[in-house]
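**Q** Sequence lines, in order, name chains E and P.
For the first sequence, this note's numbering assigns the number 1 to the initial residue and increments by one for each residue that follows.
For the second sequence, this note's numbering assigns the number 482 to the initial residue and increments by one for each residue that follows.
Sharing a structure, written as structure tokens. Questions coming.
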Amino acid sequence: MLIFEKSQPGRQAKAIYLKAQSAATDIPANLLRTTKPKLPETSELQVVRHYTNLSKKNFSIDGNFYPLGSCTMKYNPRAAHRLAMLEGFLHHHPLSPESASQGFLSCLYELQQMLAEVTGMKATSLTPMAGAQGEFAGMAMIRAYHQARGDAARTEVLIPDAAHGTNPASAVMCGYEVKEIPTKADGDIDLEALKIALGPQTAGIMLTNPSTLGVFERSIKEMARLVHEAGGLLYYDGANLNAILGKVRPGDMGFDVLHFNLHKTFATPHGGGGPGAGPVAVGKRLVPFLPTPFVAYENGRYYWSEQSTNLQSVGRFGAFMGNAGVLLRAYIYMRMIGKEGMAEVANMATLNANYLQAKLAKAGFKLAYPERQATHEFIITLSDQAKAFGVTAKDYAKRLLDYGIHAPTIYFPLLVPECLLIEPTETESKEELDRFVEVMCQIKQEAQTNPELVKTAPHTMPVRRLDDVKAAKDLDVVFLG
Amino acid sequence: MSFVPHTKTDIKAMLQAIGVEDLQALFAEIPDNLKITNELQVPAALNELEVSQLMSERAKLDAGYQSYLGAGAYEHHIPAAVWELVSRGEFYTAYTPYQAEASQGGLQLIYEYQTMMASLTGLEVSNASLYDGANALAEAILMAVRANKKSKSNKVLVLGSLHPFYKTTAQTVTSLQNIELVEVPIDFESGRVELAKLAQYTNEAAALVIQQPNFFGCLETVDELTDWAHQQGLLVIAVVNPTSLALLKEPGRWGQLGADIACGEGQPLGVPLSSGGPYFGFLTCKKVLIREMPGRIVGRTVDQEGKQGFTLTLQAREQHIRRAKAKSNVCTNQGLLVVAATIYMSLLGPEGLKRVALASHHQTKQLVEGLLKLPGVKQAFQAPFFHEVVMKFEKPVAEILSYCQTEGILAGVNLNVLKPECGNALLICVTETKTMADIEHYIQVMKHALSDHSQRSKIVENGLGAKV
Chain E
1 MLIFEKSQPG RQAKAIYLKA QSAATDIPAN LLRTTKPKLP ETSELQVVRH
51 YTNLSKKNFS IDGNFYPLGS CTMKYNPRAA HRLAMLEGFL HHHPLSPESA
101 SQGFLSCLYE LQQMLAEVTG MKATSLTPMA GAQGEFAGMA MIRAYHQARG
151 DAARTEVLIP DAAHGTNPAS AVMCGYEVKE IPTKADGDID LEALKIALGP
201 QTAGIMLTNP STLGVFERSI KEMARLVHEA GGLLYYDGAN LNAILGKVRP
251 GDMGFDVLHF NLHKTFATPH GGGGPGAGPV AVGKRLVPFL PTPFVAYENG
301 RYYWSEQSTN LQSVGRFGAF MGNAGVLLRA YIYMRMIGKE GMAEVANMAT
351 LNANYLQAKL AKAGFKLAYP ERQATHEFII TLSDQAKAFG VTAKDYAKRL
401 LDYGIHAPTI YFPLLVPECL LIEPTETESK EELDRFVEVM CQIKQEAQTN
451 PELVKTAPHT MPVRRLDDVK AAKDLDVVFL G
Chain P
482 MSFVPHTKTD IKAMLQAIGV EDLQALFAEI PDNLKITNEL QVPAALNELE
532 VSQLMSERAK LDAGYQSYLG AGAYEHHIPA AVWELVSRGE FYTAYTPYQA
582 EASQGGLQLI YEYQTMMASL TGLEVSNASL YDGANALAEA ILMAVRANKK
632 SKSNKVLVLG SLHPFYKTTA QTVTSLQNIE LVEVPIDFES GRVELAKLAQ
682 YTNEAAALVI QQPNFFGCLE TVDELTDWAH QQGLLVIAVV NPTSLALLKE
732 PGRWGQLGAD IACGEGQPLG VPLSSGGPYF GFLTCKKVLI REMPGRIVGR
782 TVDQEGKQGF TLTLQAREQH IRRAKAKSNV CTNQGLLVVA ATIYMSLLGP
832 EGLKRVALAS HHQTKQLVEG LLKLPGVKQA FQAPFFHEVV MKFEKPVAEI
882 LSYCQTEGIL AGVNLNVLKP ECGNALLICV TETKTMADIE HYIQVMKHAL
932 SDHSQRSKIV ENGLGAKV
């Protein structure tokens, strides 16, 4: 039932109502509203109960194992939530004078420093509000760099075929043409194809390392040399940073610019699809082009460094200074895990992924890259089972829900047929991983003995499989009843 | 202090199952010369108590002011139930609802949100939200240029009364696609753009951007502006404050045909100021434009058994399907803030929200009346206002602000910095959170600030915690 169907004309959550107000007679009538907006008329309890019950229809990290590849669904510490909601932060207006913002600014400044340090970069700007916006900011910086050198011929960005969909979309939004680079059978990028693609038209390359195939790109140093020799720059998509935190730094690999997904690596919540935060960090060459504002420190004071003093900056990415509350949560998390905890994150994330990979392989699941070590994630392919029993990756995904486990990422990367991209993260226990293997084996059994059961899953969710075609055809995105 | 559960026994057993000697063997594919050898320059770990002490110290430095700042971020009372519910792990720690069957709660909520935003703005459809108000405008501009098939122009007219940060954000995003924003200057008597000024812009453009209330808090003559734009073949993009829409005419009814796209900052709807984010941008439009709309959209459908259910729809517009051909690179929406806004709007209902709008308006009037009695203070513009107003001062505003701050009041936004063409002026916002006693206190403090005895204005030096 919708909240609107619980609404009754004249019902009010009275305890939160302001007293009745007189009309605004000083505003001309033709500027005033004459219709009543369709907001629910309900009591406070009705609202609380309605949304409490809706929340119960969601899977969440707090309630479920969530091995969603490339999304790093790790535990989101409650301390970070509570402390970011302290009054001094919560009631603080973004345009408050710097002298009334030193607490907040000091946290952001230190966050900038820590993010640059763990990635081997020179400087950070925190303003991009999500990974895709970080990508856009990064590519805009690469473009500004080439333009500042008077090199207008670089119109093309190289992107591996396994990349996230946001990569090509962001490059295009920055006015670039995209050229795909193929991946070899062993999961590494095809260096020969790269050499052929590189030229005076190359602005740069966008890479994730470890790649979305769940393997570390072994020839990264050589690739960096080739791209730099051709005059291009290297963009690092930070989606998989969790795998190498405290172990290897993108700056040392040769990358010039990167974005973070704080909602992945640094444990800020996904919130049902946002808010994220996508800060960018750069090497020496791109420092003048960083998005503004960023926090600077001089003579014992923290302050916003604005466009007026950073004339080559690619500009502003939002009304204010980024998703501040998310940045604070990431800062708190980094202070809690500290320098000791950084490598431990990568170590245990990698241990969990390799353990799960080994156990699933032993249980008869086919690995996409059996010769390779898993990073923080790995891929299995169900194409044999799909052929034999007609049970697809999607069916597995839906059946997992019945067992209280969120599905891994399916059908991504696009290169591997019927694939599951599995990322357990470091905060899951061995027992939870063992249970996942048991459930996968159970579903495999079901696929053989009773494939209909799997093909028609889920059976225990609030709804069965939904009619997506009808959703798009008989478009109903607003309640009209 | 990390959050890993592994015991030494676990690690040993797991390494054995993998068939390697030690943890380092798991990183054998990474070339040795890339591995970190020096210790990271990051502070040592703090436990929960220690980090709580640190953050409390920092938060205290910024607390305790009474704020009259607005300019796109507004302090409103947020009912207790809102963030109690938002903080539930089922909302807080859920992923994007790609697995619809396991995300019906979040999806239904977004459908309800879309209904509320469409109705509030008087338009037919809404998306599931974007990063913030300024980014929603940037996307609305891209959308309008794509959608206006009759106009081949890459120019978009924006009124000079648009929030300056909205303009610069839109510029950052749209300039790389060769879109040019052309500014129409405001009238410095009225504080809005007069229709006559638009006449010289009859040459080609794809859209007109109107902010209502505008950056200065003034109300534009939206009916006339909208009709003019439609006569010239331009689409109309409305940038609106959602609280004000309980009181002011909704964009869907502007002029003869209504605005085509509405967008804005959702923060006033139950989202705390929190230093500038996370907020959310809303975007609604006429139904004919839905396929040009960026971002996630939730639709109602049925399951195999004919039961009502909700799912992300029209995904063929989006980057994860279309890649380089997508309508936008946007992936995320601000899901958690949409939860807050939906619960806020449900609690307030149409009448509750209208009272918030009216109370804010009345309190602003009270402050203006009080200020106008002080010497050397003038109201900058004649146009009617909502809950923000530009006041001009004879005394330098930096000195005024500095004095008020020592008295615990953040008295307004310094327009000398943000909109220098306004001269020596403050942009002052009052909402329902300020009592009559607060307003009287503000006026008393301001009276003193304007007198010659306020030279002691000096900002208290804040002690700071250790630097990294």
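Think of the CB as a built atom: it goes at the ideal place given N, C-alpha and C, for glycine as much as any other residue.
Counting only beta-carbon separations shorter than 8 angstroms, does Asn-616 (chain P) have a partner in chain E?
**A** True, the Cβ-Cβ gap to chain E drops below 8 angstroms.
**Q** DSSP has Phe-294 (chain E) in a bridge; who is on the other side?
**A** Paired residue(s): E:Ser-305.
**Q** Would DSSP call Arg-781 (chain P) helix, strand or coil?
**A** Strand.
**Q** Look up Cys-885 (chain P) in the DSSP assignment and say whether it is helix, strand or coil.
**A** Reduced to three states, the DSSP call for Cys-885 (chain P) is helix.
**Q** For a contact meaning CB atoms closer than 7 angstroms, what does Phe-216 (chain E) contact in chain P?
**A** Near Phe-216 (chain E) (Cβ distances below 7 angstroms), the residues of chain P are Glu-510, Ile-511.
**Q** Which residues in chain E have a C-beta closer than 7 angstroms to the C-beta of Gly-790 (chain P)? List them in chain order.
**A** Under the 7 angstroms cutoff, chain E gives Val-463, Leu-466.
**Q** Identify the contact partners of Asn-722 (chain P) in chain E, using a Cβ-Cβ distance below 7 angstroms as the criterion.
**A** Residues of chain E passing the Cβ test: none, with the nearest at roughly 12 angstroms.
**Q** Taking C-beta pairs closer than 7 angstroms, name the residues in chain E that Ala-621 (chain P) reaches, listed in chain order.
**A** Residues of chain E passing the Cβ test: none, with the nearest at roughly 14 angstroms.
**Q** What does Val-894 (chain P) reach in chain E if we use C-beta pairs closer than 8 angstroms?
**A** Within chain E, the residues near Val-894 (chain P) are Leu-95.
**Q** When you compare each of P:Lys-631, P:Trp-564, P:Ile-771 to Leu-475 (chain E) by their alpha carbons, which one comes out closest?
**A** Closest by alpha carbon: P:Ile-771.
**Q** Mind pulling the alpha helix (DSSP H) runs of 4 or more residues that sit fully within the region 568 to 642 of chain P?
**A** Runs found: 570 to 573, 585 to 602, 614 to 628.
**Q** From Thr-155 (chain E) to Gly-175 (chain E), what does the alpha carbon distance come to, in whole angstroms?
**A** Cα-Cα distance, rounded: 8 angstroms.
**Q** If you drop the 5 nearest sequence neighbours on each side, which residues of the same chain put their C-beta closer than 8 angstroms to that of Asn-659 (chain P)?
**A** Same-chain partners within the cutoff: Asn-635.
**Q** With distance defined between alpha-carbon atoms, name the residue in E:Ile-61, E:Leu-105, E:Leu-45 nearest to Pro-560 (chain P).
**A** Answer by Cα proximity: E:Leu-45.
**Q** Just the C-alpha distance for Lys-455 (chain E) and Val-157 (chain E), rounded to the nearest angstrom, thanks.
**A** One C-alpha to the other measures close to 41 angstroms.
**Q** Quick check: Phe-289 (chain E) and Met-141 (chain E), are their CB atoms within less than 8 angstroms of each other?
**A** Taking 8 angstroms as the Cβ cut-off, Phe-289 (chain E) and Met-141 (chain E) qualify as a contacting pair.
**Q** For my contact list, Gln-693 (chain P) and Val-721 (chain P) are in at a C-beta cut-off of 8 angstroms; report their separation, rounded to the angstrom.
**A** 6 angstroms between Cβ atoms; contact.
**Q** Which residues of the region 414 to 437 of chain E have a Cβ closer than 8 angstroms to any Cβ of chain P? Give them in chain order.
**A** Taking 8 angstroms as the Cβ-Cβ cut-off against chain P, the residues of the region 414 to 437 of chain E that qualify are Glu-426, Thr-427, Glu-428, Ser-429, Lys-430.
**Q** In angstroms with no decimal places, state the Cα-to-Cα distance between Ser-211 (chain E) and Ala-163 (chain E).
**A** Between Ser-211 (chain E) and Ala-163 (chain E), the C-alpha separation is close to 8 angstroms.
**Q** Once you ignore the five residues that flank Leu-466 (chain E) on each side, which residues in its own chain have a CB closer than 6 angstroms to its CB?
**A** For Leu-466 (chain E), where only same-chain residues beyond five positions count, there are no Cβ hits under 6 angstroms.
**Q** Where does the unbroken alpha helix (DSSP H) through Tyr-236 (chain E) begin, and where does it stop?
**A** Segment 233 to 237 is the beta strand (DSSP E) holding Tyr-236 (chain E); no alpha helix (DSSP H) there.
**Q** Could you tell me how far apart the beta carbons of Thr-845 (chain P) and Glu-556 (chain P) are, in whole angstroms, since I believe they sit closer than 8 angstroms?
**A** Their Cβ separation, rounded to whole angstroms, is 13 angstroms, which puts Thr-845 (chain P) and Glu-556 (chain P) out of contact at 8 angstroms.
**Q** Give the DSSP bridge partners of Cys-699 (chain P), in chain order.
**A** The partner list for Cys-699 (chain P) (beta bridge, DSSP) reads P:Phe-866.
**Q** Look at the Cβ atom of Gly-69 (chain E), then the Cβ atom of His-259 (chain E), and state whether they are nearer than 8 angstroms.
**A** Cβ distance not < 8 angstroms, so Gly-69 (chain E) and His-259 (chain E) don't count as in contact.
**Q** Give me the Cα-Cα distance between Pro-94 (chain E) and Leu-643 (chain P), rounded to the nearest whole angstrom.
**A** About 18 angstroms.
**Q** Opposite Asn-895 (chain P) in the DSSP bridges: which residues?
**A** P:Leu-907, per the DSSP bridge assignment.
**Q** Jot down the residue ranges of each uninterrupted beta strand (DSSP E) in the region 95 to 171 of chain E, minimum 3 residues, whole runs only, in chain order.
**A** Correct list: 123 to 125, 156 to 160.
**Q** Taking 7 angstroms as the line, does the beta carbon of Gln-201 (chain E) fall inside it for any heavy atom of the ligand SAH?
**A** Of the ligands one can find in the structure shown there are none, so the ligand SAH has no counterpart to examine.
**Q** Find the residues of chain P that neighbour Pro-28 (chain E), judging by a C-beta separation of less than 7 angstroms, and give them in chain order.
**A** Chain P residues near Pro-28 (chain E): Pro-865.
**Q** Using only CA atoms, which one of E:Thr-72, E:Asn-352, E:Arg-435, E:Arg-49 lies nearest to Lys-264 (chain E)?
**A** It is E:Thr-72 whose Cα lies nearest to the Cα of Lys-264 (chain E).
**Q** If Ile-422 (chain E) sits next to Phe-378 (chain E), beta carbons under 8 angstroms apart, how far is it from one beta carbon to the other, in whole angstroms?
**A** So it is a contact: roughly 6 angstroms between Cβ atoms.
**Q** Count the other CB atoms within 10 Å of the CB of Asn-528 (chain P); is the residue buried (16 or more) or exposed (fewer)?
**A** By the neighbour-count rule (16 or more Cβ atoms within 10 Å), Asn-528 (chain P) is not buried but exposed.
**Q** Return the chain-ordered ranges of every beta strand (DSSP E) run that is complete within the region 403 to 430 of chain E and spans a minimum of 3 residues.
**A** Runs found: 419 to 422.
**Q** When DSSP labels each residue in this structure, what does Gly-833 (chain P) get in the three-state scheme?
**A** Helix.
**Q** Tell me whether Ala-185 (chain E) sits in a helix, a strand or coil according to DSSP, three-state version.
**A** Ala-185 (chain E) falls in the coil class under three-state DSSP.
**Q** Out of E:Pro-200, E:Lys-38, E:Leu-367, point me to the one whose CA is closest to Ser-383 (chain E)'s CA.
**A** Nearest C-alpha to Ser-383 (chain E): E:Leu-367.
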